[in-house]
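Engineer: This is the structure I want to talk about, given as structure tokens.
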Amino acid sequence: MPKKLYIKTYGCQMNVYDSVRMADALAPLGYAQTEDPGDADFVILNTCHIREKASEKVYSELGRLRPLKEAAAAEGRQLLFGVAGCVAQAEGEEMLRRAPVVDLVFGPQTYHRLPEMVTRLLGGEGRGLVDTDFPLESKFDHLPEESAPQGSAAFLSVQEGCDKFCSFCVVPYTRGAEFSRPVGDIVAEAERLVAGGAREITLLGQNVNAYHGEASDSATWGLGRLLRRLAEIDGLARLRYTTSHPRDVDAELIAAHRDEPKIMPYLHLPVQSGSDRVLSAMNRKHSGDDYRRIVDALRDAQPDLALSSDFIVGFPGERDRDFAETLRLVTEVNYAQAYSFKYSPRPGTPAAGIEDQVPETVKNERLAALQQLLGEQQLAFNRAKVGQRTSVLFEKRGKRPGQLIGRSPWMQSVVAEAPERLIGHIMEVDIEAAQRNSLAGRVVTLDYALQSKADRTIPSRIDAA
Ligand code: 5AD
Ligand code: SF4
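For any residue, its number in the numbering used here is found by taking its place in the sequence shown, counting from 1, and adding 1216.
Here's what the structure looks like:
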């Protein structure tokens, strides 16, 4: 009987990708994935530590899942519990002490060692394995090839870790130093994804545009060059990348946006604050005007570019006038969408030790004001698409029968009536209505996708879906 693996993923797309690769790593041991933890022989929580109460959430989820372990034991089955990701990295041994249900704690850099860890546990080494190393060997070199296609919109991790040390952020501690995968490995993985049906690939990295990977001629390539190379893959229609740091937007990347139509006109470029005083306290290494200049250069290269960002309100020492600068920057840049958060002190980060913390009530007011403005911009951006024809990559069924959901080039969710066999296809859609979080439209034509080489391999997979 195959063993069952249940993975619950929290947080960023990097974690989503990591979960897929953990499943790949465990497949040779006979683990098949299940959606039901009650059915599982191995439960992994792949955790996120970026913002509030991350560890508390994990501990309470472990509490909820504990009866499953007891039930399995009563049936004479051994159910393993693993905690992965950034909370595991941050908590380490503490996790085993606080949550006796946990057998295994492992950080984001060690999941290629999972098969060995599981074999040791099942071999009677008991509970209590902790692996939060930053090993010298790269997990990417020790993972099996992907076992299952990811679907029409796939993720591909190209870079990991961060050397920026923004003063509020745990990532440099939990994910470690910056590391870029070699160009050849990335191209090979992208080709496999496309052969498996991917029409769109999103390159992932905590600081993805700091990418500096080795190519076969032992030259170092930046992200712009990598994107151009990937754009050569036949059958691949769309490229995206996330998350970028303003400081690492270079001329090559800007030129790639200008020249390469497969790079989608959407960029998530976090600014965090519009106040130079706060940006400096955040150790962001850029000013508000630096950011404006970068945005101008990108928009000169690609006038159609839609922008997204992350914002933190209530960073220690943030005054009303600092927050007003944030609102001014948002008004000037005009975002297609954005994420905004209240500052939450992360243990071990420099900002957590600053005395001048902003009261919760002030944080709430600022967050509401910022979200109001961003919401208006997002709605206006979406409404401007009504009456236009745009391409949509359909990814899954919609809520209502007969509907599919896909994405526009600008990352908007688009709902349309369409047969299920169009999942995985790029269609032209006339946009008829807009809301804050989605568009609705009508499919007009089959696009070139249907004639392209890659597509001829897709239909059987689609029919099965
Ligand atoms: N408090 C609030 N938001 C944070 N982020 C990162 N660390 C914190 C923190 N301590 C936000 C940033 C980052 C996004 C992924 O999460 O805006 O860009
Ligand atoms: Fe965190 Fe700053 Fe690195 Fe982004 S750039 S991962 S916010 S330290």
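C-beta: ideal position from N, C-alpha, C; glycine also.
Should the region 1490-1505 be called in touch with the region 1386-1406, which here means at least 3 C-beta pairs below 8 Å?
Structural biologist: The region 1490-1505, when compared against the region 1386-1406, does not touch it at the 8 Å Cβ threshold.
Engineer: Closer than 6 Å between the C-beta and any heavy atom of the ligand 5AD: which residues qualify, listed along the chain?
Structural biologist: Going by the Cβ distance cut-off, the answer is Ile-1266, Arg-1267, Phe-1384, Cys-1385, Pro-1486, Gln-1488, Asp-1526, Ile-1528, Phe-1557, Tyr-1559, Ser-1560, Arg-1562.
Engineer: So does Val-1387 have its beta carbon nearer than 8 Å to some heavy atom of the ligand SF4?
Structural biologist: Within the cutoff, so yes.
Engineer: What first and last residue would you give for the alpha helix (DSSP H) that runs through Asn-1598?
Structural biologist: Element bounds for Asn-1598: 1576-1599.
Engineer: Check this for me: beta carbons of Gly-1530 and Lys-1579, under 9 Å apart or not?
Structural biologist: Yes; because the gap between Cβ atoms is below 9 Å, this pair is in contact.
Engineer: Compare the C-alpha of Asp-1505 against each of Leu-1221, Pro-1360, Val-1549 and name the closest.
Structural biologist: Among Leu-1221, Pro-1360, Val-1549, the Cα nearest to that of Asp-1505 belongs to Val-1549.
Engineer: Can you look up Thr-1436 in the DSSP assignment and give me helix, strand or coil?
Structural biologist: In the structure shown, Thr-1436 sits in a strand (DSSP, three-state: E or B).
Engineer: When DSSP builds the beta bridges, which residues end up paired with Ala-1370?
Structural biologist: In DSSP, Ala-1370 forms a bridge with Ile-1417.
Engineer: So which of Ile-1639, Arg-1616, Lys-1615, Asn-1653 has the shortest CA-CA distance to Trp-1626?
Structural biologist: For Trp-1626, the nearest C-alpha among the options comes from Asn-1653.
Engineer: Report yes if the C-beta distance between Thr-1250 and Leu-1221 is below 9 Å; otherwise report no.
Structural biologist: Going by C-beta atoms, Thr-1250 is nearer than 9 Å to Leu-1221.
Engineer: Shorter than 8 Å, the distance from the beta carbon of Thr-1418 to the closest heavy atom of the ligand SF4, or not?
Structural biologist: Answer for Thr-1418: no, Cβ out of range of the ligand SF4.
Engineer: Taking Gln-1695 as part of the alpha helix (DSSP H), name the residues at either end of that continuous run.
Structural biologist: The question about residue 1695 has no answer here: the residues shown for the chain are numbered 1217 through 1681.
Engineer: Taking all protein chains shown into account, do 16 or more other C-beta atoms lie within 10 angstroms of the C-beta of Tyr-1427, making it buried, or fewer, making it exposed?
Structural biologist: With 16 or more other Cβ atoms within 10 Å, it is buried.
Engineer: Taking 8 Å as the cut-off, is the C-beta of His-1461 nearer than that to any heavy atom in the ligand SF4?
Structural biologist: His-1461: yes, Cβ under 8 Å from the ligand SF4.
Engineer: Mind checking Tyr-1555: buried by the 16 CB within 10 Å criterion, or exposed?
Structural biologist: Tyr-1555 should be labelled exposed.
Engineer: What are the complete beta strand (DSSP E) segments, minimum 3 residues, inside the region 1235-1300?
Structural biologist: Qualifying beta strand (DSSP E) stretches, in chain order: 1247-1249, 1258-1263, 1296-1300.
Engineer: In the DSSP assignment, find the unbroken beta strand (DSSP E) run with Arg-1456 in it and report its ends.
Structural biologist: Segment 1454-1458, the beta strand (DSSP E) holding Arg-1456.
Engineer: Who does Gly-1657 pair with in a DSSP beta bridge?
Structural biologist: Gly-1657 is bridged to Ala-1632, Ile-1647.
Engineer: Given this structure, state the Cα-to-Cα distance separating Ala-1467 from Pro-1316, to the nearest angstrom.
Structural biologist: So the alpha carbons of these two residues sit roughly 52 Å apart.
Engineer: So the beta strand (DSSP E) His-1484 belongs to, where does it begin and stop?
Structural biologist: Segment 1482-1484, the beta strand (DSSP E) holding His-1484.
Engineer: Return the residue from the list Lys-1615, Tyr-1275, Arg-1616, Gln-1604 that minimises the CA-CA distance to Tyr-1659.
Structural biologist: The question names Tyr, but residue 1659 in the sequence shown is Val. The shortest Cα separation from Val-1659 among Lys-1615, Tyr-1275, Arg-1616, Gln-1604 belongs to Gln-1604.
Engineer: Just how far apart, CA to CA, sit Arg-1293 and Val-1321?
Structural biologist: Those two C-alpha atoms are separated by around 21 Å.
Engineer: Between Gln-1488 and Gly-1392, is the Cβ-Cβ spacing less than 9 Å?
Structural biologist: No, these two residues do not count as a Cβ contact at 9 Å.
Engineer: Can you have a look at Asp-1211 and say buried or exposed, based on whether 16 or more other CB atoms are within 10 angstroms of its CB?
Structural biologist: Missing from the structure shown is residue 1211; the chain here goes from 1217 to 1681 and no further.
Engineer: According to DSSP, simplified to helix, strand and coil, what is Val-1487?
Structural biologist: Val-1487: coil per DSSP, three-state reduction.
Engineer: Any idea if Ile-1674 is buried or exposed, counting beta-carbon neighbours within 10 angstroms, 16 or more meaning buried?
Structural biologist: Bear in mind that the predicted position of Ile-1674 carries a pLDDT of just 36, short of 50, making it too unreliable to give a figure here.
Engineer: Helix or strand or just coil, what does DSSP make of Gly-1429?
Structural biologist: In this structure, Gly-1429 counts as strand in the three-state DSSP scheme.
Engineer: Is Asn-1425 near the ligand SAM, in the sense that its beta carbon is under 8 Å from a heavy atom of that ligand?
Structural biologist: The ligand SAM is absent from the structure shown, which contains only the ligand 5AD and the ligand SF4.
Engineer: Among all the DSSP beta bridges, which residues are the ones paired with Thr-1606?
Structural biologist: Bridge partners of Thr-1606: Val-1645.
Engineer: Look at the Cβ atom of Arg-1267, then the Cβ atom of Ser-1560, and state whether they are nearer than 9 Å.
Structural biologist: Yes; because the gap between Cβ atoms is below 9 Å, this pair is in contact.
Engineer: DSSP on Ala-1567, reduced to helix/strand/coil?
Structural biologist: Reduced to three states, the DSSP call for Ala-1567 is helix.
Engineer: Using only the alpha-carbon positions, how far apart do Thr-1459 and Asn-1423 sit?
Structural biologist: In a straight line, the C-alpha of Thr-1459 is about 6 Å away from that of Asn-1423.
Engineer: At a cut-off of 8 Å, would you count Gln-1211 as near the ligand SF4, judging by its Cβ distance to the nearest heavy atom?
Structural biologist: The question about residue 1211 has no answer here: the residues shown for the chain are numbered 1217 through 1681.
Engineer: In this structure, what does DSSP give as the bridge partners for Thr-1547?
Structural biologist: Answer is none; Thr-1547 lacks a bridge partner.
Engineer: Mind checking Gln-1651: buried by the 16 CB within 10 Å criterion, or exposed?
Structural biologist: Exposed: under 16 other Cβ atoms inside 10 Å.
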